[in-house]
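Throughout the sequence shown, residue numbering follows the UniProt record's numbering, covering 1 to 411 in sequence. Backbone N, C-alpha and C fix where the C-beta goes; we use that ideal spot for every residue, glycine too.
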Amino acid sequence: MFDLGCTGKGELVTQLVDELHSHSNEIALDWSSLKLSTISYTFNSNKATSLALSICQPLLKDQPLTLALFQRIQDSFAHPINPQHESTDVLNNIKGSELYAITLISTDGLSLGIIVQVLSSIASLKKKHHVCSIKTLSDPDKEPATAIDVIVRIESAASKNSAEVLSALRSIMYQLGSSHRIDITAQFENVFRRHKRLFVFDMDSTLIQQEVIDEIARHAGIVDQVSRITESAMRGEIDFRDSLQQRVLLLKGHPASILDEIRSSIVFSPGVKDLCVALKRLGCGFLPLARYVQAELRLDYAFANNLKVTDDGKHFAGSTSGPVVDASRKAELLTVIAQAELIDHMDQVVAVGDGANDLQMMTAAGLGIAYNAKPKVQQQADARINQPSMLHVLYLMGLQWKEIQDLLQMN
């Protein structure tokens with residue numbers, strides 16, 4: 001019998017480890033480093049419950065393993081569960097409980113060991129809980145698995161308590177993910193996880209790979225001075241508004257035609273175009289921060305800082321015009337757009353950014369995602385994507401690879 005059910009004492013981890021060792025016979029095996037091809041675990045006390053996984057690499061290099069479980073690269077096993085193990089539905093028997101989703105993402109592949117550590121971390125909360133399912137989100141035909149979802153029900157007596165549980169989960173998973181260079185995100189598993197209505201993106205180093213003001217400075221021959229200020233602002237060391245004034249002042253007298261020159265050099269972040277296509281087809285709206293990117297990605301709103309030019313329109317005046325889109329303005333715009341779109345639940349709003357001036361916007365959203373962000377931002381974000389492609393955002397919504405492909409291929 002193999003059951004990841006648990007009352008808060010860590011039995012789920014013990015059972016998984018014992019099961020692995022029972023298949024290893026007398027051979028010393030380092031199963032923790034094995035990369036997974038696929039993994040699937042489902043629990044239902046009224047039906048046969050099973051754990052199935054495939055390993056995408058040989059277990060031992062020096063001595064072959066004769067066990068059927070790990071004998072060949074594509075070998076897998078399915079271990080049925082005795083349905084009489086629990087006569088009541090455990091999923092509903094934990095009173096005052098909430099469902100949580102824990103998503104693991106790494107383009108380098110996910111190991112069996114990290115799954116065990118996630119389960120162990122859940123047990124460390126010392127609360128009654130039950131793992132409901134584990135499933136592979138990434139392409140099942142490509143090895144190793146790069147995205148896995150773990151759904152767990154955890155005891156929480158009240159809504160305040162459930163928020164505290166989520167906060168504790170996020171802290172634990174952030175530390176675990178950081179130590180293994182894996183993105184591990186914890187969030188509530190509910191209807192709002194999949195049904196998002198508004199996505200808000202920072203532009204520089206998020207939707208596009210460059211910092212626009214640095215690109216302007218590069219063409220003007222003052223990139224070193226401007227970049228130093230930009231980096232300091234992104235780390236939160238100086239106020240964004242002050243940093244903007246300093247950088248814009250350095251541009252004074254340089255030709256405004258630079259803006260047209262850099263347009264052709266803008267590079268979108270990997271996966272951004274596909275992500276926007278998929279989200280549009282899911283009914284989401286967008287709030288980017290520049291007109292050109294808005295047109296290219298067919299987004300709904302755009303707000304940006306406007307560089308003031310001289311009366312003849314030929315040179316930068318060294319200042320900005322209109323409201324400065326700083327940290328507080330981004331958060332304000334997010335809230336205003338959500339209200340205009342009649343979005344009642346902020347859980348349906350997602351904000352994606354990379355710098356300290358994105359934190360207020362990310363906090364205002366139901367889910368704030370740090371995309372290849374500065375350390376300070378990663379520590380405070382609800383979720384992190386430290387992978388090349390932004391398309392991984394869809395895994396955080398619980399979408400599987402097949403569903404993502406269906407969205408991208410719709411006519």
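Alpha-carbon to alpha-carbon, residue j and residue i
i: P140; j: I39; result: 10 Å
i: E231; j: R241; result: 14 Å
i: S264; j: V350; result: 29 Å
i: S319; j: S121; result: 51 Å
i: residue 413; j: L367; result: Absent from the structure is residue 413, since the part of the chain shown begins at 1 and ends at 411.
i: I213; j: L112; result: 44 Å
i: E143; j: L53; result: 13 Å
i: L399; j: R194; result: 8 Å
i: H254; j: H315; result: 5 Å
i: L275; j: Q209; result: 15 Å
i: S227; j: D239; result: 15 Å
i: P323; j: V336; result: 15 Å
i: V277; j: L169; result: 32 Å
i: E211; j: A370; result: 16 Å
i: I266; j: N386; result: 21 Å
i: Q380; j: A295; result: 31 Å
i: Q117; j: V293; result: 41 Å
i: I55; j: D108; result: 15 Å
i: D347; j: M362; result: 12 Å
i: V377; j: S32; result: 30 Å
i: E215; j: S389; result: 22 Å
i: Q246; j: Q409; result: 46 Å
i: G283; j: H180; result: 35 Å
Beta-carbon gap between residue i and residue j smaller than 8 Å
i: S321; j: K308; result: yes
i: T185; j: G353; result: no
i: A147; j: I105; result: yes
i: E155; j: S97; result: yes
i: A220; j: L259; result: no
i: L34; j: L110; result: no
i: A356; j: R235; result: yes
i: residue 412; j: F303; result: An answer regarding residue 412 cannot be provided, because it is not within the stretch 1 to 411 covered by the chain.
i: Q187; j: A101; result: yes
i: K273; j: L299; result: no
i: H345; j: F199; result: no
Bridge partners - residue i, DSSP secondary structure assignment
i: L104; result: I148, I184
i: Y371; result: I385
i: P255; result: H315
i: V191; result: According to DSSP, which records beta bridges pairwise, V191 is partnered with nothing at all.
i: V309; result: F316
Selection from the options that minimises the alpha carbon distance to residue i
i: H129; options: V165, K135, I148; result: V165
i: F201; options: T107, V393, Q405, D312; result: V393
i: I151; options: T136, A163, K142, A145; result: T136
i: I115; options: L391, A163, L176; result: L176
i: L391; options: K196, L198, G271; result: G271
i: M397; options: Q409, M410, A383; result: A383
i: L119; options: I172, K142, D260, M361; result: I172
i: F43; options: G109, M410, C132, L399; result: C132
i: E189; options: V223, L99, G313; result: L99
i: A233; options: P388, W401, L359, I385; result: L359
i: L249; options: Y174, A123, E296, A217; result: A217
i: R281; options: E403, L169, T103; result: E403
i: S167; options: L125, T310, A145, D300; result: L125
i: Y301; options: A338, E237, H180, I229; result: A338
Reduced DSSP category for residue i - H, G, I as helix; E, B as strand; rest coil
i: F303; result: coil
i: R197; result: coil
i: I222; result: coil
i: S156; result: coil
i: A317; result: strand
i: E211; result: coil
i: H345; result: coil
i: A351; result: strand
i: E164; result: helix
i: V393; result: helix
i: L125; result: coil
i: E98; result: strand
i: K376; result: helix
i: S111; result: strand
i: L36; result: strand
i: V272; result: helix
i: D62; result: For D62, the pLDDT reaches just 42, beneath the cut-off of 50, and the residue's location in the model is therefore unreliable, although a value from the coordinates is still provided. DSSP places D62 in coil when its eight states are reduced to three.
i: V336; result: helix
i: V267; result: coil
i: K280; result: helix
i: K402; result: helix
i: K142; result: coil
i: V324; result: coil
Closer than 8 Å to chain D by CB, residue i
i: D204; result: Protein chains in the displayed structure number just one, and chain D is not present.
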